[in-house]
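Structure, as structure tokens:
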Amino acid sequence: EMQLVESGGGLVQPGGSLTLSCVVSGFSLSNSEINWVRQAPGRGLEWVSYISTSGSDVYYRDSVKGRFTLSRDNANNSLYLQLSSLRAEDTAIYYCVSGDYYYDVWGQGTLVTVSS
Amino acid sequence: VMTQSPATLSVSPGETATLSCWASQSFTDNLAWYQQTPGQAPKLLISGVSTRATGIPARFSGSGSGTEFTLTISGLQSEDSAVYYCQQYNDWPPTFGPGTRVEIK
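If you read the sequences in order, they're chains R and P. This note's numbering applies: residue 53 is where the first sequence begins, and numbers increase by one. This note's numbering applies: residue 13 is where the second sequence begins, and numbers increase by one.
What follows is the structure in structure tokens.
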């Protein structure tokens, strides 16, 4: 069974940093394009970032460019989303999801709360 | 920009729910639907406007083109109570609609 498991969320002060991890099992990460999608409390879904199978192509939504960094370690079936200069509006559940343009497998999400 | 209507739909068990999704620009195929039940991650229902994902029952069907798309849930069951999101992947970045909440009467 294909699974993605996120971790690393928590409470962080505005301006702070956090690194989210996503570990995959049941399929080969090296063959999978991965995205992060977030959902603010009680709100809808918002695409955040994409990484290609090799990691050579990485894209971000405008509001996180320069603050978030997505990377992957295919050998360890893991991905990392580094969040920095965090703002209150970054508060959300962050989901690691597989797929190129639409998202067929979702992790359970990890909650990031940015608050003083 | 994707919009959805209605915001909330209340339907009796066994009836049919019709959910609408509109795009600000016309396209043909690149639309997906997701179901999110309370406390859970979203689940892919349909991609390519009308192709059901693995394991999705046939009572979920998608249609449409241009700027108007529809998700139809036939024979509504209690477990269909959820928020449903459409998502376009015709333009970058991919964007989601605000969702339609389906309640079972």
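Glycine residues also receive a C-beta, built at the ideal position from the N, C-alpha and C atoms.
- request: Enumerate in chain order the residues of its own chain whose CB-to-CB distance from Lys117(P) is below 7 Å, with the five nearest sequence positions on each side excluded.
  value: Ser22, Val23, Ser24
- prompt: In terms of DSSP beta bridges, what is Leu70(R) paired with?
  reply: Leu135(R)
Chain P contacts made by the stretch 137 to 165 of chain R, where a contact means CB separation under 9 Å: Ile145, Tyr147, Val149, Gly151, Asp152, Tyr153, Tyr154, Tyr155, Asp156, Val157, Trp158, Gly159, Gln160, Gly161
query: With 16 as the cutoff for other CB atoms within 10 Å, does Glu58(R) come out buried or exposed?
result: buried
query: With distances taken from CA atoms, which of Phe81(P), Pro105(P), Asp103(P) is nearest Trp45(P)?
result: Phe81(P)
task: Compare the C-beta of Pro106(P) against all C-beta atoms of chain R and say whether one is closer than 7 Å.
output: yes
field: Selected residue, minimal CA-CA separation from Gly61(R), among Arg90(R), Arg113(R), Gly151(R)
entry: Arg90(R)
query: With a CB to CB cut of under 6 Å and the five nearest residues on each side skipped, what residues in its chain are close to Phe79(R)?
result: Met54
query: Beta-carbon of Pro136(P) versus every beta-carbon of chain R: anything under 7 Å?
result: The requested residue 136(P) does not occur in the structure, where chain P is confined to residues 13 to 117.
message: Determine, for Leu72(R), whether the minimum Cβ-Cβ distance to residues of chain P falls below 7 Å.
response: no
- prompt: Run through DSSP, which three-state label would Val116(R) get?
  reply: helix
query: Should Arg119(R) be flagged as near chain P, meaning a C-beta pair shorter than 7 Å?
result: no
- request: State the Cα-Cα distance for the pair Arg139(R) and Thr165(R), rounded to the nearest angstrom.
  value: 9 Å
task: Please list the partners that Ser59(P) has in chain R, where partner means a Cβ-to-Cβ separation under 7 Å.
output: Tyr154
message: Let me make sure I understand the geometry here. Which of Glu141(R), Asn126(R), Leu133(R), Glu85(R) has the alpha-carbon closest to that of Tyr154(R)?
response: Glu85(R)
query: Any idea if Ser101(R) is buried or exposed, counting beta-carbon neighbours within 10 angstroms, 16 or more meaning buried?
result: buried
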